[in-house]
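Colleague: If you scroll down you'll find the structure; I have some questions about it.
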Amino acid sequence: GQQLNQSPQSMFIQEGEDVSMNCTSSSIFNTWLWYKQDPGEGPVLLIALYKAGELTSNGRLTAQFGITRKDSFLNISASIPSDVGIYFCAGRLYNQGGKLIFGQGTELSVKP
Amino acid sequence: DTGVSQDPRHKITKRGQNVTFRCDPISEHNRLYWYRQTLGQGPEFLTYFQNEAQLEKSRLLSDRFSAERPKGSFSTLEIQRTEQGDSAMYLCASSPKTPSGETQYFGPGTRLLVL
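Residue numbers (this note's numbering), protein chains in the order written: chain A, 875 to 986; chain U, 221 to 335.
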């Protein structure tokens, strides 16, 4: 079936450091979305990408839609303690309706 | 500006009982999705509606699961004869239909525990 490989699985960083995580697949996607989820809550949308090569920023977050349409990355610059949480990539497959396929998540811990 | 709401937020039930969850999407969003999330995993698609029409159902949605969106606004997800394996977070999302693309906004989820 369709799968998204998200890495790394977890990260432990110092406050102020930059963070990078990515998702790859063997399938072609026409939408990439990045979400953050806190314990016991639903995912909160961070960035949405709709075109191959698109680079979008939201404050300290930057995400890109890979040129091959099979991958995406998310960067967080100058991390702060409230960045702690689980980050998920999600993609909408080309010609496969509206459902999203999610990665396994990257758990981010930030040490003050 | 209200987001997606779900009720209840938590549900504890005994094996074999039926449960029903409700989702109220963002106003005027015509698409509504249900996902299930187990601990340590990303959400998995269950089903989605465009207005009142149920357009797709996952193989995860066994015969014990049924979802409705009778008037194209709120939706309900019912699980009959619950099993311990049904314990999970059930997430609802909604999206508008726009030419530029589709963005799904999630509710807070309903956490189900089947004893």
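We treat Cβ as the ideally placed atom computed from N, Cα and C, and that holds for glycine.
(1) Is the segment 967-981 of chain A touching the segment 295-309 of chain U, taking contact as three or more C-beta pairs under 8 Å?
(2) U/Leu336 lies in the beta strand (DSSP E); which residues open and close that run?
(3) Bridge partners for A/Ile921 per DSSP, in chain order?
(4) Does the pairing of the segment 308-326 of chain U with the segment 239-256 of chain U give three or more beta-carbon distances under 8 Å?
(5) Verify whether the separation of the beta carbon atoms of A/Phe962 and A/Gly979 is less than 8 Å.
(6) Is any beta-carbon of chain A found at less than 8 Å from that of U/Tyr325?
(7) From the DSSP output, in three-state form, read off U/Gln304 for me.
(8) Tell me the rounded alpha-carbon separation between A/Pro913 and A/Gly959.
(9) Of the residues A/Val893, A/Leu878, A/Tyr924, which one's Cα is nearest the Cα of A/Arg934?
(10) Quick one: list the residues of chain U neighbouring A/Gly971, beta-carbon separation under 8 Å, in chain order.
(11) Since U/Glu264 is in the beta strand (DSSP E), which residue starts that stretch and which ends it?
(12) Quick one, which residues of the segment 924-953 of chain A are near chain U if we go by CB-CB under 7 Å, in chain order?
(13) At what residues does the beta strand (DSSP E) containing U/Thr296 begin and finish?
(14) Following the continuous beta strand (DSSP E) through A/Asp892, name the residue where it begins and the one where it ends.
(15) Can you tell which of U/Gly305, U/Phe326, U/Thr330, U/Gln324 has its C-alpha closest to the C-alpha of U/Leu297?
(16) Between the segment 895-905 of chain A and the segment 917-926 of chain A, do at least 3 Cβ pairs fall closer than 8 Å?
(17) Out of U/Ile232, U/Cys243, U/Arg279, U/Asp244, which has the shortest C-alpha to C-alpha gap to U/Leu266?
(18) Could you round the C-beta distance between A/Ile954 and A/Glu889 to whole angstroms and report it? I think they count as a contact, below 8 Å.
(19) What's the gap between the Cα of A/Glu981 and the Cα of A/Ala964?
(20) Residues of chain A with CB closer than 7 Å to the CB of U/Phe265, please, in chain order.
(21) Roughly how far, in whole angstroms, is the beta-carbon of U/Pro328 from the beta-carbon of A/Glu915, given that I think they are within contact range, below 8 Å?
Modeller: By the coordinates alone:
(1) Flag = no, the segment 967-981 of chain A and the segment 295-309 of chain U do not touch.
(2) This structure cannot speak to residue 336 of chain U, because chain U is shown only from 221 to 335.
(3) Answer by DSSP bridge pairing, in chain order: A/Trp908.
(4) Flag = yes, the segment 308-326 of chain U and the segment 239-256 of chain U touch.
(5) The answer is yes: Cβ separation under 8 Å.
(6) Closer than 8 Å to some Cβ of chain A, the Cβ of U/Tyr325 qualifies, so yes.
(7) Here U/Gln304 sits in helix by DSSP.
(8) Straight across, the Cα-Cα distance linking A/Pro913 with A/Gly959 is about 8 Å.
(9) The candidate whose alpha carbon is nearest that of A/Arg934 is A/Val893.
(10) Residues of chain U passing the Cβ test: Tyr268, Leu275, Glu276.
(11) Per DSSP, the unbroken beta strand (DSSP E) holding U/Glu264 starts and ends at 264-270.
(12) So the list reads Tyr924, given in the order they occur along the chain.
(13) Taken as a continuous stretch (DSSP letters only), the beta strand (DSSP E) holding U/Thr296 covers 295-299.
(14) Segment: none, A/Asp892 is in no beta strand (DSSP E) and carries neither H nor E.
(15) Here the closest residue by C-alpha is U/Thr330.
(16) Contact between the segment 895-905 of chain A and the segment 917-926 of chain A is established, with three or more Cβ pairs separated by less than 8 Å.
(17) The option with the nearest alpha carbon to U/Leu266 is U/Arg279.
(18) Yes, A/Ile954 and A/Glu889 are in contact; Cβ-Cβ is about 6 Å, under 8 Å.
(19) So the two alpha carbons sit approximately 15 Å from each other.
(20) For U/Phe265, the chain A residues whose Cβ falls inside 7 Å of its Cβ are Lys973, Leu974, in order along the chain.
(21) U/Pro328 to A/Glu915, Cβ: 6 Å. Contact.
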